[in-house]
Structures are given as C-alpha cells and as structure tokens.
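The C-terminal residue of the sequence shown carries number 563 in our numbering, and the numbering is unbroken.
A virtual CB, placed ideally from N, CA and C, is assigned to each residue, including glycine.
The structure presented is a predicted model; accordingly, all values stated were derived computationally and were not measured.
Following: one structure in structure tokens, then a few remarks.
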Amino acid sequence: MSTFFPALRTPPARTALRFGEQTLDYAELAAVAGTLARELVPARRIAIWATPTLETSVAVVAALLAGAPAVPLNPKVGERELAHIVSDSEPVLVLAEPGVQLPDALAALPRTDVVTAPADTGAAPPEELAEPDEEAPALIVYTSGTTGPPKGAVLPRRALTATLDALEDAWQWTAEDVLVHALPLFHVHGLILGILGPLRRGGTVRHLGRFSTDGVRDALSGGGTMLFGVPTMYHRVAEEVGTDPRLAQALAGARLLVSGSAALPAHDHERIAAATGQRIVERYGMTETLMNTSVRADGERRPGAVGVPLSGVGLRLVDEEGERIEVQDGETVGEIQVRGRNLFTEYLNRPDATAEAFAGGWFRTGDMATRDPDGYVRIVGRKATDLIKSGGYKIGAGEIENALLEHPDVAEAAVTGEPDDDLGERIVAWIVPGSRHPSEQELIDHVARQLAPHKRPRVVRYRDSLPRNDMGKLMKRSLHE
Numbered sequence: 083m084s085t086f087f088p089a090l091r092t093p094p095a096r097t098a099l100r101f102g103e104q105t106l107d108y109a110e111l112a113a114v115a116g117t118l119a120r121e122l123v124p125a126r127r128i129a130i131w132a133t134p135t136l137e138t139s140v141a142v143v144a145a146l147l148a149g150a151p152a153v154p155l156n157p158k159v160g161e162r163e164l165a166h167i168v169s170d171s172e173p174v175l176v177l178a179e180p181g182v183q184l185p186d187a188l189a190a191l192p193r194t195d196v197v198t199a200p201a202d203t204g205a206a207p208p209e210e211l212a213e214p215d216e217e218a219p220a221l222i223v224y225t226s227g228t229t230g231p232p233k234g235a236v237l238p239r240r241a242l243t244a245t246l247d248a249l250e251d252a253w254q255w256t257a258e259d260v261l262v263h264a265l266p267l268f269h270v271h272g273l274i275l276g277i278l279g280p281l282r283r284g285g286t287v288r289h290l291g292r293f294s295t296d297g298v299r300d301a302l303s304g305g306g307t308m309l310f311g312v313p314t315m316y317h318r319v320a321e322e323v324g325t326d327p328r329l330a331q332a333l334a335g336a337r338l339l340v341s342g343s344a345a346l347p348a349h350d351h352e353r354i355a356a357a358t359g360q361r362i363v364e365r366y367g368m369t370e371t372l373m374n375t376s377v378r379a380d381g382e383r384r385p386g387a388v389g390v391p392l393s394g395v396g397l398r399l400v401d402e403e404g405e406r407i408e409v410q411d412g413e414t415v416g417e418i419q420v421r422g423r424n425l426f427t428e429y430l431n432r433p434d435a436t437a438e439a440f441a442g443g444w445f446r447t448g449d450m451a452t453r454d455p456d457g458y459v460r461i462v463g464r465k466a467t468d469l470i471k472s473g474g475y476k477i478g479a480g481e482i483e484n485a486l487l488e489h490p491d492v493a494e495a496a497v498t499g500e501p502d503d504d505l506g507e508r509i510v511a512w513i514v515p516g517s518r519h520p521s522e523q524e525l526i527d528h529v530a531r532q533l534a535p536h537k538r539p540r541v542v543r544y545r546d547s548l549p550r551n552d553m554g555k556l557m558k559r560s561l562h563e
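Printed below as a string of structure tokens:
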C-alpha cells in the first residue's frame with residue numbers, strides 16, 4: 083500500500099512548511115508529526131483548533147500518520163455551532179497551539195498542545211504507524227449549515243489522494259513548486275489543497291498567516307511558484323495590480339495562479355491578465371466531493387469557466403426530472419452530478435441526508451451549470467439561490483452579476499430572484515456602489531445592453547456591504563432576511 087506522505091518516509095533536504103519566520107524541513111516535520119502521532123489512538127476522532135499556524139499543519143499531518151480521523155474547527159465558530167459539532171463528532175481529544183484559549187464547548191475534552199520544535203530531527207515516523215486502509219476516515223469537515231445544523235462530511239483517505247493526484251496531473255504540480263497562500267485551515271481549500279497537497283508532492287508551503295497584497299508580492303518574488311486564493315483576495319489584487327509594478331511583476335513570474343471556493347468575476351480576471359499577462363486558473367469543488375473540475379495548466383483559461391472534469395471524476399448535467407442532458411451548447415442549464423473516488427463516504431450520523439444526497443450513485447451537488455461544446459463547465463450558481471425562473475426562462479445569477487460588475491460604479495454585486503405574480507420570479511440586483519452612486523435605471527439599461535432583455539434586473543437595491551462567509555462566498559439567503 084502506498085504511503086500518503088512519501089516525503090516523510092524518505093525526507094528530502096527541502097523546506098516543507100513556512101509560516102512567517104517559523105519553518106520545518108521534511109526531516110523536522112517527520113520528527114514532530116511522528117512523535118505526536120504516537121500519542122494518538124488510531125480510528126479515534128480528534129478535534130483540531132484550526133488556527134492558520136504551523137501547529138495546525140503538524141496536527142493534521144500527525145492525525146493522518148496515526149489514522150485518527152481529524153475534525154478541523156473554525157476558530158471563529160459560534161458557540162451554538164461549535165457545541166453541535168463537538169456533540170455530533172464526539173472527539174476524544176483536542177489539539178491546539180500552545181497558549182491559545184479554547185472556548186467552553188471544548189473545556190471538557192483532554193487537550194494536547196502541539197510542539198513544533200523537533201527533539202530529534204533525524205527521526206522519521208515510526209515504523210509501527212501502519213498506513214490505514216484507503217477507506218478509513220481521514221477528515222470530518224463540517225458544511226456551512228445554510229439549511230440547518232452543519233453536517234459532518236466524512237472524507238476517506240482515498241478521496242484526498244484521488245483529488246491531490248488528479249491535481250498533480252492537471253496543474254503539472256511537482257516537488258519543485260512553492261505554494262503561497264493565506265487561506266484558513268479548517269476547510270478543503272486551505273487545508274487539503276493548500277497544506278496536504280504540497281506535502282504529498284514533497285514540495286513547499288509558504289503560508290502568509292493573513293492575506294495582504296504585500297505578502298503575496300514578497301512571497302512570489304521570493305521563490306513562490308503557485309498562488310491559491312478566493313475571489314475576494316483576487317479582487318484586492320485586481321484593484322492594486324494596475325498601479326503596483328512590483329506586484330504585477332511578482333504575479334507575472336508565478337507558474338500558476340489558482341482561484342476557487344466561489345466564482346471569480348470576469349472583470350477581475352481581465353484586469354489581472356491585462357496587468358500581468360497571467361490568466362487565472364479556476365477550478366470547482368465541494369466539501370463532499372473535493373475537486374471535480376479544473377482548467378488545466380496547459381489548457382485555455384477562459385473567464386467564468388472552471389475547466390473540464392479531473393481524471394477519475396464522472397460528471398453529468400441533469401434536468402429537473404433527473405434526466406441526463408446530452409447537449410453541450412454552452413446555454414442549456416442543468417444540475418451538476420458527480421461520481422468517483424474523490425467523493426465523501428457519508429454525512430456523520432445522518433444516513434437520511436446521505437441517502438438523499440445521491441441519485442443512483444451520483445452525488446447531487448445542487449450546483450447549476452452549462453457545458454461548452456468542448457466540455458468546459460461554467461457554473462451559473464446554486465440551484466436554491468442562483469437559478470431564477472423568470473418569464474419562462476431559466477436564468478443564472480452569475481452571468482448578470484458579471485455584467486453588473488463591469489459597470490465602473492459597481493463595487494460589489496449580487497443577484498437573486500423573488501416572487502412575482504406576472505413573471506414567476508423577478509430579478510433583483512443588490513449593489514454596493516463605487517465612488518459614484520449609479521441610478522437604478524442606469525444599471526438596468528447597462529445589463530440589457532450586454533445580455534438578453536429578459537436577463538435585466540427588475541429591481542435594484544443598494545447596500546453598504548454584502549454578507550460573506552470566511553471563504554468569501556456570498557450568503558444570499560441573508561439578503562432577504
């Protein structure tokens with residue numbers, strides 16, 4: 083059986099993790115993670131207080147070495163949500179960085195502080211740490227809970243390896259790559275892709291702690307080859323890159339700029355490309371499925387497209403009756419369903435929700451998309467919040483949002499539908515104005531000039547800001563509350 087971390091068995095002379103001034107090379111990581119792993123009980127769940135630190139990374143590596151399913155906890159989580167996650171997952175231990183104060187919901191659990199100073203840098207993970215079965219749970223990641231209490235998606239080891247190895251192929255990812263990012267470490271993007279991805283390849287992670295364009299510039303100028311970010315981060319880059327030659331040069335020198343977790347507005351994509359010559363790679367995944375599609379490193383990078391299915395991933399679009407949509411015309415909208423080794427095993431303690439999530443072995447993502455004739459997938463939004471049925475048409479909110487964001491006086495935009503006696507649903511635009519406050523009619527006319535008339539907003543509402551979660555995703559349900 084192959085090992086999850088080959089580079090920890092035969093450590094290369096290379097930095098594995100860097101957080102600020104803290105670093106661990108592969109021999110040091112093998113020593114500290116191996117020592118901690120021996121204290122963990124295989125198959126017994128542990129909680130990890132997932133601050134964006136070296137300690138969190140060591141804790142997750144140790145859990146994977148020991149075969150102890152890890153539950154990463156968002157340090158900003160609310161008390162009620164945390165209490166639910168702890169009671170649902172029943173961890174036997176919590177791992178945390180020394181000195182950090184844990185909330186009351188974790189007070190009853192035994193605590194182990196994660197040590198990152200290796201006592202013996204020559205010690206590899208002990209041989210008695212046998213590699214668990216590929217179906218063994220590796221992580222239990224809780225969903226955002228937009229329609230009820232968060233559900234724990236049980237991710238087996240084979241899902242992690244399937245996704246990371248498919249991305250190795252799609253992104254031409256090697257041990258020579260140095261990944262730069264500032265993503266949180268309690269979610270798929272920052273933790274699995276951003277920490278475990280480079281470590282599985284034997285490469286280097288350079289985590290910024292918190293995002294800043296200065297940090298990105300310095301890290302990429304200092305040897306970084308890849309950058310992971312979410313649209314809110316790339317929006318800040320797009321705002322500054324045209325007037326910051328050093329930032330533009332640093333981005334231009336990167337091998338790969340990757341955006342995920344939400345759709346990247348086409349306007350930001352084009353502004354970054356104009357200043358750097360670099361076109362951003364978009365990909366598409368979920369907690370339950372890990373990564374499903376991506377633009378390949380050697381493929382065409384089209385604004386608004388999340389590429390083609392990754393190796394080993396089956397993907398289909400289905401209509402409202404659940405029938406497969408065969409046409410690939412770039413216009414016909416259907417729900418994405420996927421299957422493959424990248425999928426989760428179950429929702430913890432929720433056999434009902436698990437069964438409901440699948441249709442004949444295909445996972446129902448709830449995401450709506452179109453497919454271009456050459457197979458490129460374009461996400462139009464969530465079935466529940468982003469597919470608007472107006473005047474007999476099925477309209478994706480994302481296309482209208484992109485059009486609105488091209489207006490010079492729109493800083494942020496969201497589009498939703500609300501009941502209408504005549505149309506079924508009317509299109510509502512939620513706008514954060516820029517330096518000038520554009521009128522409602524001006525914005526309606528702006529969209530009507532770019533898109534079909536039936537896609538124009540019928541109502542425009544103005545906000546000082548739009549509600550977003552920790553990953554930068556719009557929380558559209560909150561707009562109507």
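Taking 8 Å as the threshold, find out whether the region 543-550 comes into contact with the region 496-514 through three or more Cβ pairs.
Cβ pair count under 8 Å is three or more, so yes.
Taking only the alpha-carbon atoms, compute the straight-line gap between D491 and F87 and give it to the nearest angstrom.
Between D491 and F87, the C-alpha separation is close to 49 Å.
Since Q532 and A379 should fall inside the 8 Å C-beta cutoff, what is the C-beta to C-beta distance between them, to a whole number of angstroms?
About 31 Å separates the two Cβ atoms, so there is no contact after all.
Less than 7 Å between the C-beta atoms of G367 and M373, yes or no?
Cβ atoms of G367 and M373: closer than 7 Å.
Can you give the Cα-Cα distance for G276 and V287, rounded to whole angstroms?
Those two C-alpha atoms are separated by around 7 Å.
Indicate whether the contact test is met: 3 or more Cβ pairs, each with one atom in the region 150-169 and one in the region 288-303, closer than 8 Å.
Not touching, per the Cβ criterion.
Go through the region 239-267 residue by residue and report every complete run of the beta strand (DSSP E) that reaches 3 residues or more, in order.
Within the region 239-267, the complete beta strand (DSSP E) runs of at least 3 residues are 260-263.
Residues bridged to R543 by DSSP?
For R543, which the question treats as bridged, DSSP gives the partners W512.
If you drop the 5 nearest sequence neighbours on each side, which residues of the same chain put their C-beta closer than 8 Å to that of E216?
Once the five neighbours on either side are set aside, the close Cβ partners of E216 are M83, P238, R239, R240 and T243.
Please state if the CB of I167 and the CB of Y224 are separated by a distance shorter than 7 Å.
Yes, they are a contact pair.
Excluding the five sequence neighbours on either side, which residues of its own chain have a C-beta within less than 7 Å of the C-beta of P501, listed in chain order?
The residues are E507.
Mark K558 as exposed unless 16 or more other C-beta atoms lie within 10 angstroms of its C-beta, in which case mark it buried.
Result: buried.
What residue range does the beta strand (DSSP E) around Y224 cover?
Run containing Y224: P219 to Y224, per the beta strand (DSSP E) assignment.
Leaving out five residues before and five after T85 in sequence, what residues of the same chain have Cβ atoms less than 8 Å from its Cβ?
Excluding residues within five positions, the ones whose Cβ falls inside 8 Å are R91 and E213.
Between K465 and G478, is the Cβ-Cβ spacing less than 7 Å?
No. Outside cutoff.
What is the C-beta distance between G416 and L399, in whole angstroms, given that I count them as a contact (C-beta under 8 Å)?
With a Cβ gap of about 3 Å, G416 and L399 count as contacting.
Grab the span of the alpha helix (DSSP H) containing H489 for me, first residue to last.
That residue, H489, is in no alpha helix (DSSP H); it is neither H nor E in DSSP.
Go through its chain and collect everything with a Cβ distance to P94's Cβ below 8 Å, but skip five positions before and after it.
Here the set comprises Y108, A257 and G284.
Using a 10 Å radius around the Cβ and a threshold of 16 neighbouring Cβ atoms, would you call V409 buried or exposed?
Exposed is the call here.
Between H562 and G480, what straight-line distance do the alpha-carbon atoms span, to the nearest angstrom?
Those two C-alpha atoms are separated by around 18 Å.
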